[in-house]
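Inspection log for the structure reproduced underneath, given as structure tokens.
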Amino acid sequence: MVFVLIYFELQISARTLDLSCNAVHDVGKLVLKTNTATFLGGNNTIFGISEEERVNCLTTKKVFEYGAEYPKQSRIACLNYGGLVIGGIIDNDTLMSRFYYYRTFPKEYRSVLEPASNNYENAISEQDFISIYQDNIDTLSQYYDFSNFGWKSLNIEVTKKSYAWSYEYTEDFVLFDIEIKNIGVDIIREVYVGIGISFAVGYYTGNNIIIDDDIGGLYNVNQLQNDCANEVGNIEILWGADNDGDPIDGEFTNTLTHFEGDLIKSATIVSGICFLDNLDERYKGQIKKSFNWWTTEYTPQSKQSYRELLFDLPSTREDYYHELSNGEIDYDQIYTSKITQYDPSWVYPDQEHSDDISDGFSDAAYLLSIGPYDLPPGATVSIPFAYVAGEDFHTNPNNIDYLPHSPQTYYKNLDFSDIAKNAMWARWIYDNPGVDTDGDGDSGRYVECNGERIWVEGDGIPDWKAAGPPPAPYFWLTQQEDAIHVRFNGSRSETEKDIFTKIVDFEGYNIYFGRDDREASLSLVASYDLVNYDKYVWHPELDEGGKYIVEDIPYSLDSLKCLYSNGCDDSLFDPTRFTAVAPLVTSDSIFYFTKHHNNALFSAISKVYPNARDPRFVPEDSLIDDDFTEEGFYKYFEYEFTIDNLLPTVEYWVNITAFDFGSPKSGLQALETSKTVGLQMAYPLSHEEVVDNGNEIFVYPNPYRIDANYRGKSFEGIGEEDRHVDRVRKINFANLPPKCEIKIFSLDGDLIRHLHHDVPASDPTYTHHTWDLITRNTQLIVSGMYYWT
């Protein structure tokens, strides 16, 4: 389905990104395009973007064809496109802003991961994208004749800010803050704001078009089950999913499988949008919500708000405004065939198409809207929402058999628990529970849980804050013979305070490495974990017979010695000798201890400067140059580790994460920085050793044998299993200087390919260059002999 969307112009105030690239949220598990102020997602075909132009603004890598991918690197699409639909009344004229798909993507970027940036202090998340639109610009007239729809300007400015994090509890959603400002001279009455969505769910090979077999509806999350069955307020999710999850031979599979000549896998996910404000509580019934959907053949209409001649998709500004403002909550798509001609609430559907619509075999579009708002000149209204995804939505590979005739049974086999949990976290980051943001004494709503007060809603004032792990350390890779040396510095990791607890919650580091940059390919090779302990305190009033609870942050061994042993110097004190069945009993409490996390100070990770002073105990004006590294970091926090026994002709990916000790009171487990953000790649072959040993530039594999199954042996095509074998072939040039040119010729002297190698010597990959066996005429080479210079 086609939604009409707003064009925008840029107002620059932060780091500006290239106009030809795609702004993509990709730090989490949900990968989502967010290009213009009024648009999210977007199939590249809509914008006519060529293969070469389809790159990520931040990484310059090619981006996924469809609007969103979930989970990351799965190649499973969950969104085609979506965007804002805005209508209002000026004088007595019902107006809609001018809408159209137009490929112009100016945007600005900021991140909490970039402390050296000028905009670091203003950053909200790990990926902030900001764009601005004004609807009184005539730029689009050369591309489209808006008089067909009778669009007129509302004279509004839209600012879209979108936020994403990589943490385990935040990786499944992207948050949006939409601000709509009246920049005209007239009051705009009864403004309604909608978010239109067109889903596309399924595995995308790179060549196929995902079949229109999706379903959708509105799911109400009013309670999540945990130890206390906490109420979480009223969250309504406009959701969409594949109609059957794409089972293969009667089973769901996450593994690529050959089926009817194609490589495919199941798509059991669900995604959608939800408003973050608790509208009922905030506006006391003054704001109403509408949920409408339509296909090219049909749109549900209640008999109470029936509109003449609106039988399918809206086509006029009056139709769109009606859909925005009618107050309808349409039934979910799968119930279409169950609406009878005697239904007291709904208009009888077109019977020629009702079964196909119920089955999902009809291209549907969805609209979730709120209003009305009155906007005097200069006034602004904020519309916060989230795009949320969840896994394991489909549970029964044969569930489609219940449609169209048994939608209730079909619905019972759907699992909304994951997307509901993620929507709850999205709202809690928008408005932190238990935080009195404006200082008026109201910290939000809470419930009693086992004698404790558990906050389930914020105070209604946006916070836009997510508890995160300590910052990841800075690290550097050095190539060695058959090894990669890792050096890292945790000056920020070990000293930065948590934004909520205001304490340093650093716990340790993990070092990962693998053969490609996918998280599933990374293995833990070393860990550095502080030695500390959790204290479990007995509460006889909890549950039926009492319960042990962790109340405090972990204790260091030294602190436990001072508190509970014969003295602070007691070397024989072992906290773990106290257990749940043999606890430590004092005059006022009963408790025992367990190791927090691994308590592993791996000897393989060592300090580079073991005698360096700890700057936390040195007055700032007493620090000297010898306390700092050449890069300007504290020597005390400098570590090193060597990954050895590696193949010199194979590329390896390395990352170092930092993790905290969690928050027992808030129920947060230990948080770790992303395993994939900040990955670095290197070859275990030192260029200095190459020069010293007089090693020459060489090519491998040589000869390249088409029957050697390099892909099957993981020498090429890692992470590209969906691509044809001829698209992942490669020949490697090794022992190269930082800058050179490589020319490949046929035996007749014809130039086959000219490669330009220009990599800084500081880059651990600069000694290598690969050739994809494609000629300068973009054709695969033929079998034969070639020479290079």
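Quick note: the sequence shown, position 489, residue 489 per this note's numbering, numbers continuous. The beta carbon of each residue, even a glycine, is placed where N, CA and C say it ideally should be.
Option nearest residue i by Cα separation, candidates the options
i, options, result
"T586", "L751, H353, W538, S302", "W538"
"H769", "P703, K739, D438", "K739"
"S369", "D356, N399, I329", "I329"
"I357", "Q304, N243, I429, G678", "N243"
"T642", "N220, H756, Q480", "Q480"
"N234", "T316, V699, D277", "D277"
"S794", "S606, I503, D588", "Residue 794 lies beyond the range of the chain shown here (1 to 789); nothing can be said about it."
"N396", "Y387, Y410, I383, A389", "Y410"
"T676", "N35, Q73, K33, L32", "Q73"
"K33", "Q134, F176, T170", "F176"
"T336", "T295, Q779, Y167", "T295"
"W771", "A734, D763, P760", "A734"
"V388", "W425, E352, L563", "W425"
"V486", "K595, A604, S746", "A604"
"A37", "G545, L113, D128", "D128"
"L256", "E620, F39, A241, I76", "I76"
"D726", "S125, P610, I132, I706", "I706"
"D574", "D558, I334, E496, D588", "D558"
"Y204", "Y787, H25, E171, C78", "C78"
"D763", "V525, N645, T478", "T478"
"P701", "K730, F291, H724, W293", "K730"
"A364", "E251, Q351, T576, P300", "P300"
Cβ-based neighbour list, residue i, same chain, cut-off 6 angstroms, excluding 5 preceding and 5 following
i, result
"Q225", "In this predicted model, Q225 has a pLDDT of only 48, less than 50, meaning its place in the structure is not dependable; the value taken from the coordinates is given anyway. Here the set comprises nothing."
"G360", "D213, D214, I215, N243"
"A612", "K635, Y636"
"D517", "W653, L679"
"L375", "N182, I188, V191"
"N777", "none"
"R307", "H322"
"Y609", "K635, E638"
"E494", "F506, F637"
"A466", "W165, T170, I429"
Endpoints, beta strand (DSSP E) assigned at residue i
i, result
"D758", "751-758"
"D249", "It is not in any beta strand (DSSP E) - D249 carries neither H nor E in the DSSP assignment."
"R487", "483-489"
"L557", "That residue, L557, is in no beta strand (DSSP E); its alpha helix (DSSP H) goes 557-564."
"H258", "257-259"
"D660", "652-660"
"S369", "365-375"
"P384", "380-390"
"T790", "The question about residue 790 has no answer here: the residues shown for the chain are numbered 1 through 789."
"Q479", "474-480"
"D534", "532-539"
"D355", "Unbroken run through D355 is the alpha helix (DSSP H), 354-359; no beta strand (DSSP E)."
"Y548", "547-550"
Beta-carbon separation (whole angstroms), residue i vs residue j, contact threshold 8 angstroms
i, j, result
"G371", "I287", "7 angstroms"
"D332", "P404", "The pair is not a contact, with the Cβ atoms about 12 angstroms apart (cut-off 8 angstroms)."
"D418", "S443", "Not a contact, Cβ separation roughly 28 angstroms."
"G194", "L324", "5 angstroms"
"N80", "G41", "6 angstroms"
"L755", "M785", "The pair is not a contact, with the Cβ atoms about 19 angstroms apart (cut-off 8 angstroms)."
"I156", "S97", "7 angstroms"
Start and end residues, alpha helix (DSSP H) containing residue i
i, result
"W425", "417-430"
"Y509", "That residue, Y509, is in no alpha helix (DSSP H); its beta strand (DSSP E) goes 506-514."
"E323", "317-325"
"T576", "Premise fails: T576 is in no alpha helix (DSSP H) and is neither H nor E."
Own chain partners of residue i with C-beta closer than 7 angstroms, once the 5 adjacent residues on each side are dropped
i, result
"I781", "I752, L773, T775"
"K61", "V55"
"T253", "K265, S266"
"G184", "N155, P377"
"Q408", "none"
Residue-level contact to chain B via CB, residue i, 8 angstroms cutoff
i, result
"I503", "Absent here is chain B; the protein component of the structure consists of one chain."
Beta-bridge pairing of residue i - partner residues as DSSP gives them
i, result
"G87", "M96, Y192"
"G163", "For the record, residue 163 in the displayed sequence is Tyr; it is not Gly. According to DSSP, which records beta bridges pairwise, Y163 is partnered with D128, L175."
"Y203", "I76"
"M681", "W653"
"C740", "H757"
Nonlocal neighbours in the same chain, by C-beta distance under 8 angstroms from residue i, ignoring five residues either side
i, result
"D463", "I429, Y430, D431, N432, V435, T437"
"G514", "S521, L522, S523, Y652, W653"
"E631", "Y474, N489"
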